[in-house]
Amino acid sequence: MSDRAPLGVFGGTFDPVHVAHLRLAEEAREALGLARVRWLPAGLPWHRDALRTAPEHRLAMVQAAVAGNPAFEVDAREALAHAPGYTVDTLAALRAELGDELPLVLILGADAFARLHTWHRWRALFGLTHIGLATRAGQAVDASALQPALAAELQARSRDAAHLRTAPAGAIVRFDMTPLAVSATDIRARLARGESGRYLLPDAVLEYIRRHRLY
Ligand code: ATP
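Going by the UniProt record's numbering, the first residue of the sequence shown is number 1, and it counts up by one from there.
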């Protein structure tokens with residue numbers, strides 16, 4: 001039985017990274033007892049998406065956002081890959097590097113979790129990682145709104161945070177997150193209208209956006 005503080009893995013498009021992402025990672029670290037959180041900006045999308053900001057820019061914005069937090073690190077492998085990839089393959093690569101014992105926790109917001117059953121080989125994820133599911137403070141997850149196979153996994157795999165240290169993978173642990181109705185979609189729209197994004201995302205990220213004329 002392992003007893004090691006887990007490593008959090010936090011993927012997203014981060015187009016751009018914003019304060020709700022930072023709070024999600026910080027609150028996951030605290031609530032789930034994570035040693036560190038490894039941010040994993042997504043690479044090229046599977047579907048042609050002319051509107052998506054280049055992976056190199058999304059990666060650089062995440063690096064700017066987490067600089068100075070020693071518990072946060074950035075993994076560039078998806079962003080710098082020359083072809084689209086699947087989360088399950090990235091986690092298998094991480095698992096091969098980090099060994100079979102270290103607990104991994106994939107951090108997901110509730111909206112991302114609700115789509116998990118659409119991910120490539122989604123059930124294989126549970127052999128590679130735990131899942132940390134951010135829920136709105138005080139609100140139960142509405143299992144009846146989930147796809148039935150996903151709801152069944154949620155029910156069968158739910159554990160509390162203390163369990164995460166004791167096994168490398170396989171559990172789903174819910175934690176309350178401060179509700180923050182901030183979205184990258186809204187930020188992109190504001191910036192496109194010439195409005196201020198200040199306080200919705202770190203100043204260093206806004207500065208990067210300004211310098212590279214993004215959005
Ligand atoms: P977009 O608006 O472009 O869809 P987004 O702001 O939702 O982007 P993503 O990069 O798609 O950002 O999200 C990465 C992760 O962060 C996902 O797990 C998502 O559920 C979570 N997340 C994003 N915004 C919030 C939020 N306001 N509260 C809680 N979780 C969030």
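Where is the CB? At the ideal position from N, CA and C, for every residue including glycine.
C-beta contact flag for Ala76 and His130 at 9 Å: For the purposes of this step, residue 76 is identified with residue 76 of the sequence shown, where counting begins at 1. For the purposes of this step, residue 130 is identified with residue 130 of the sequence shown, where counting begins at 1. Taking 9 Å as the Cβ cut-off, Ala76 and His130 do not qualify as a contacting pair.
Segments of 3+ residues assigned as beta strand (DSSP E) that fall wholly inside the segment 20–50: 36–41
Contiguous beta strand (DSSP E) assignments of at least 3 residues, all confined to the segment 58–116: 72–74 and 104–109
Proximity to Ser144 [Cα-Cα], best of Ala134, Gln155 and Ser196: Taking the sequence shown and counting its residues from 1, one reaches residue 144 at position 144. Nearest of Ala134, Gln155 and Ser196 to Ser144, Cα basis: Gln155.
Coarse secondary structure for Phe175, derived from DSSP in three states: As a working note, residue 175 is residue 175 in the sequence shown. Three-state result, Phe175: strand.
Spatial neighbours of Trp46 in its chain, beta-carbon cut-off 6 Å, leaving aside the 5 residues before and after: The residue labelled residue 46 in the question sits at position 46 within the sequence shown. These residues qualify, in order along the chain: Pro84.
Contact test: Thr185 Cβ vs the ligand ATP heavy atom, cutoff 8 Å: Within the sequence shown, residue 185 is the residue found at index 185, counting from 1. Thr185: yes, Cβ under 8 Å from the ligand ATP.
Check: Met61 C-beta below 8 Å from any heavy atom of the ligand ATP: Here residue 61 refers to the residue found at position 61 of the sequence shown. Answer for Met61: no, Cβ out of range of the ligand ATP.
At least three beta-carbon pairs within less than 8 Å, the segment 184–204 to the segment 34–43: no
For Arg136, the first and last residue of its enclosing beta strand (DSSP E): Against the sequence shown, residue 136 aligns to sequence position 136. Looking at the DSSP string, the run of the beta strand (DSSP E) that includes Arg136 is His130 to Arg136.
Entirely enclosed alpha helix (DSSP H) segments - the segment 147–212, minimum 4 residues: 148–157, 184–192 and 203–212
DSSP state of Phe14 mapped onto helix, strand, coil: Residue numbering aside, residue 14 sits at position 14 when the sequence shown is read from its first letter. If DSSP states are grouped into helix, strand and coil, Phe14 belongs with coil.
Beta-ladder partner(s) of Gly127, from DSSP: Numbered from its first residue, the sequence shown carries residue 127 at position 127. Looking at the DSSP assignment, Gly127 forms no beta bridge with any residue, so it has no partner.
Asp75 beta carbon near the ligand ATP (any heavy atom closer than 8 Å): Indexing the sequence shown from 1 puts residue 75 at position 75. Because no heavy atom of the ligand ATP lies under 8 Å away, the Cβ of Asp75 does not count as near it: no.
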